[in-house]
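Enquirer:
Residue numbers (the UniProt record's numbering): 1 to 982.
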């Protein structure tokens with residue numbers, strides 16, 4: 001290092017050392033602070049127009065920055081703090097506020113805001129309690145955020161709103177300083193008479209009372225940090241109203257409720273009027289990609305739900321709606337809360353939401369899809385009981401005591417002044433609404449949400465049906481007590497005589513599991529069903545109505561849980577034990593949709609099965625009669641069992657009061673409850689009949705579609721591969737919430753790139769098929785166990801579903817396949833033991849059924865590789881074939897009517913004859929090249945056809961739904977004690 005370098009280094013070190021010493025010395029620090037402040041005043045006084053004098057503005061910005069830096073550094077050092085004391089005594093914030101307001105320079109404004117924020121954060125000299133400080137800062141904030149001020153950048157706005165938020169935080173922690181920032185202007189009687197009601201209603205005379213309040217109000221709809229600070233600060237002010245009667249009255253009389261309601265309405269009006277539900281091509285879920293899903297048409301008028309702009313608008317609206325909920329949660333004043341709710345009902349519900357539902361239609365491009373989707377998202381986002389009560393109470397046209405306004409249903413307070421203010425506010429609102437009488441000509445008393453829901457479920461638009469099912473499911477899961485007397489036609493249960501017996505319970509669970517097994521496939525069904533049971537337990541325990549049933553008792557004297565915290569009277573009562581009537585219109589409509597399962601879109605099937613499951617989730621809902629057989633339809637093979645159940649014991653005492661008679665009666669009752677009733681189709685609910693019919697249709701597809709079992713297993717493996725693939729940012733459609741056989745998970749890259757790509761292209765599945773074909777030709781090969789399963793250690797005869805002791809209910813059935821021939825329980829002769837079209841033993845599984853082992857070919861013969869490619873091409877042609885519903889028209893090449901079981905399916909087939917008015921129309925673009933209608937004496941209406949690939953996906957969904965129903969029934973039995981043992 002040369003001489004000059006050493007000299008410069010020494011000089012720099014000396015300068016840095018002297019600056020640090022000056023910062024440590026309070027006197028030197030104060031001297032520097034006074035010098036910077038003096039220069040600032042001199043520059044300001046010498047400049048006539050800072051907006052044009054850029055040099056002076058830059059110097060002022062530097063001086064302000066230095067003052068802020070000195071104060072910030074001093075606040076972190078030990079006492080004394082002479083600079084902060086100087087700022088308080090000399091009130092230097094007054095000229096600094098004037099400098100910023102008159103400069104019209106964003107950089108000077110930004111530094112002035114930082115200066116005030118530093119003074120507040122120092123927590124010394126009680127700046128926030130000083131009236132002059134409050135007046136100067138308030139004037140600064142009002143001037144720089146006003147209409148005539150310079151346009152502020154995003155960073156500067158964030159600092160301004162953060163400063164206002166810090167003040168509200170101080171007010172929340174120290175309520176006594178509220179009077180410094182909130183000053184009610186006392187008007188004389190003469191001045192008050194000159195102001196008409198409209199001016200007082202609009203809050204024109206009240207902004208000067210609490211400017212900080214309105215500054216925050218201007219930013220509550222912003223996104224990011226600005227909106228978060230503004231909304232939180234406003235919440236703190238509203239929370240402080242409980243400590244100040246004057247502030248409470250001021251908020252009631254202000255236009256807070258009007259601005260919030262109109263702001264929410266404006267955001268709702270910005271949402272698209274027409275909507276279609278769609279997914280991005282590269283994010284299409286595999287359950288839709290492996291079906292006949294087609295992207296709906298969207299244009300400048302009809303918006304797709306996956307559009308980023310639409311998602312941004314919807315999230316903005318929902319965030320503002322959640323802000324309403326936060327305000328009500330923080331508000332401890334009943335009068336303020338009632339005023340907000342009243343404006344929410346009148347301005348948003350009555351003027352915007354209900355008219356949009358009333359005017360919606362499914363024939364104009366998707367307005368029904370739009371408004372129903374918005375309503376569902378609203379109900380899913382909110383959990384405040386008062387807001388939910390207002391929305392559903394009004395839209396469902398529920399009766400309520402008193403008049404129709406929300407304010408009439410709120411408990412009055414003891415403060416007469418605040419109550420009078422709220423009444424004046426209500427009268428102003430009523431007067432304003434009276435001028436718009438055309439909006440109140442139609443009310444939910446004439447057409448409510450129930451009418452709209454039933455009409456949309458019968459729509460010809462599958463998208464309308466899909467979103468309506470989602471809305472019904474959301475109401476059933478989150479707000480079931482509102483659906484009991486409106487959407488659902490129910491009846492009360494007064495005793496346990498309607499509960500199923502343990503024998504009937506085991507029989508019905510086995511029936512559903514037998515149907516699930518009849519669909520076929522190779523998988524670890526024991527593990528799958530165990531996951532279904534766990535998922536059913538979670539759903540049942542998390543249902544809001546089941547809390548009282550599953551919550552542990554705290555003590556013997558405390559059996560009642562807190563009531564639902566509704567402050568508005570007129571909400572539906574707590575749900576009691578009830579059941580669904582078999583002729584319920586909603587249930588009937590859902591079952592009508594379920595009957596067309598295999599020609600329905602996949603998303604419709606996912607929604608209808610989800611809704612049917614949600615009907616049975618409530619712990620107070622009895623499932624006998626509409627989901628399971630009612631005990632009044634039980635009949636037994638031996639009449640003496642019924643006689644024993646009455647207490648008659650041959651050779652014993654007939655004295656009804658004797659202990660022997662009572663013991664014999666209980667023993668006979670237990671035997672009768674364990675006995676399985678006869679399985680008669682006449683007593684089956686329509687749901688079980690339809691499920692049996694759908695499984696018969698699967699058997700029909702198995703007979704008419706070549707290699708149906710192999711393709712079904714390949715489709716299952718394709719979903720399992722997608723489930724095990726790395727997690728990608730794609731939406732995952734939910735099916736009943738269960739962990740069913742991996743049919744609703746993230747797709748792998750191949751399935752996303754080609755929506756019609758199928759599992760036959762996977763080498764593992766093709767190798768298995770090639771090996772099986774070569775084994776039939778006499779080629780030796782290595783045998784192996786089914787994929788994902790351990791080979792059974794020994795061969796046992798099939799005895800149907802057996803009971804396993806589990807922690808979830810009664811008699812957990814097993815679906816472990818063993819080697820042998822499929823033999824279902826004797827009550828359910830499904831006749832699915834016919835060999836598959838491709839030869840060998842078919843892979844049709846039922847509980848306790850068997851299958852042949854599956855071998856894997858590991859050779860690398862080029863001949864086999866070419867055969868595999870040929871097989872893949874054949875599979876693709878099979879998957880692309882168009883098929884209809886088996887049983888309605890003869891299929892090629894087999895007659896499906898010969899494969900249906902004559903004993904159990906005969907009455908089902910009789911019911912399957914669709915009425916003339918229920919005939920379905922052919923879909924656009926459907927080709928009937930592979931379907932020949934033979935032997936028809938009269939013209940047959942062309943039916944809707946779908947691809948075999950679509951059928952395979954729906955078959956897996958049906959199998960998952962069957963296991964979900966079985967798991968739900970089993971868990972309910974153990975969780976809610978629904979099964980009778982005596």
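Even for Gly, the Cβ is constructed at its ideal location relative to N, Cα and C.
1. Measure the Cβ-Cβ separation of residue 236 and residue 169 and say whether it is below 8 Å.
2. Restricting to Cα atoms, I'd like to know which of 863, 947 and 613 is closest to residue 962.
3. Determine whether the beta carbon atoms of residue 286 and residue 873 lie at a separation below 8 Å.
4. Could you pull the start and end residues of the beta strand (DSSP E) that residue 459 belongs to?
5. Which same chain residues end up closer than 6 Å to residue 486 when comparing Cβ atoms and leaving out the 5 residues on each side of it in sequence?
6. Nearest to residue 448 by alpha carbon, out of 465, 398 and 72?
7. Using C-beta distances below 8 Å, list every residue in its chain close to residue 343, excluding the 5 sequence neighbours before and after it, in chain order.
8. DSSP on residue 705, reduced to helix/strand/coil?
9. Using 8 Å as the threshold, is the C-beta distance between residue 105 and residue 57 below it?
10. Beta carbon of residue 60, beta carbon of residue 71: below 8 Å?
11. Output needed for residue 954: all residues of its chain with C-beta closer than 7 Å, excluding positions within five of it in sequence on either side, in chain order.
12. Taking only three categories from DSSP, how would you classify residue 302?
13. May I have the straight-line CA-CA distance separating residue 445 from residue 157, to the nearest angstrom?
14. Kindly identify the DSSP beta-bridge partner or partners of residue 274.
15. As an exercise, report each continuous alpha helix (DSSP H) stretch of at least 4 residues that is fully enclosed by the stretch 211 to 235, in chain order.
16. Could you pull out every unbroken beta strand (DSSP E) segment of at least 3 residues lying fully inside the stretch 68 to 148, listed in chain order?
17. With C-beta atoms as the reference, is residue 376 less than 8 Å away from residue 314?
18. Report the residue from 345, 355, 461 and 549 whose alpha carbon sits nearest the alpha carbon of residue 388.
19. Express the C-alpha separation of residue 696 and residue 980 in angstroms, rounding to a whole number.
20. Cβ of residue 987 within 8 Å of Cβ of residue 503?
21. Pull up the DSSP beta-bridge partners for residue 947, would you.
22. Below 6 Å CB to CB, which residues in the same chain sit around residue 946 once its five sequence neighbours on both sides are set aside?
23. Taking the alpha-carbon positions, what's the residue 880 to residue 706 distance?
24. Compare the C-alpha of residue 715 against each of 520, 619, 494 and 541 and name the closest.
25. What separation, rounded to the nearest whole angstrom, lies between the Cα atoms of residue 477 and residue 511?
26. Taking C-alpha atoms, which residue in 663, 684, 595 and 171 lies nearest to residue 635?
27. Does the stretch 242 to 253 touch the stretch 331 to 341, meaning 3 or more C-beta pairs lie closer than 8 Å?
28. Could you check if residue 968 is buried or exposed, using at least 16 other CB atoms within 10 Å of its CB as the buried criterion?
29. May I ask you to report which of helix, strand or coil DSSP gives residue 619?
30. Within a Cβ cutoff of 7 Å, which residues of the same chain sit near residue 233, ignoring the five residues on either side of it in sequence?
31. So does residue 683 have its beta carbon nearer than 7 Å to some heavy atom of the ligand GDP?
32. So what's residue 492 in DSSP terms, helix, strand or just coil?
33. Can you pull the DSSP bridge partners for residue 624?
34. Does DSSP classify residue 589 as helix, strand or coil?
35. Any idea which residues DSSP pairs residue 579 with across the strands?
36. Output needed for residue 183: all residues of its chain with C-beta closer than 7 Å, excluding positions within five of it in sequence on either side, in chain order.
Expert: Answer, in terms of the structure:
1. A contact, by the Cβ cut-off of 8 Å.
2. Answer by Cα proximity: 613.
3. no
4. Premise fails: residue 459 is in no beta strand (DSSP E) and is neither H nor E.
5. 396 and 450
6. 398
7. 257, 258, 260, 261 and 429
8. In this structure, residue 705 counts as coil in the three-state DSSP scheme.
9. yes
10. Between residue 60 and residue 71, the C-beta gap is not smaller than 8 Å, which leaves the two residues out of contact.
11. 597, 598, 602 and 605
12. strand
13. 47 Å
14. 302
15. 211 to 217
16. none
17. no
18. The candidate whose alpha carbon is nearest that of residue 388 is 345.
19. 32 Å
20. Because the chain is modelled from 1 through 982, residue 987 falls outside the range shown and cannot be assessed.
21. 882
22. 292 and 599
23. 12 Å
24. Comparing alpha-carbon positions, the option among 520, 619, 494 and 541 lying closest to residue 715 turns out to be 520.
25. 27 Å
26. 684
27. yes
28. Residue 968 comes out buried.
29. coil
30. 164, 165, 168 and 216
31. Annotation note on the ligand GDP: not contained in the displayed structure, which lists no ligands.
32. In the structure shown, residue 492 sits in a strand (DSSP, three-state: E or B).
33. 628
34. helix
35. 491 and 622
36. 209
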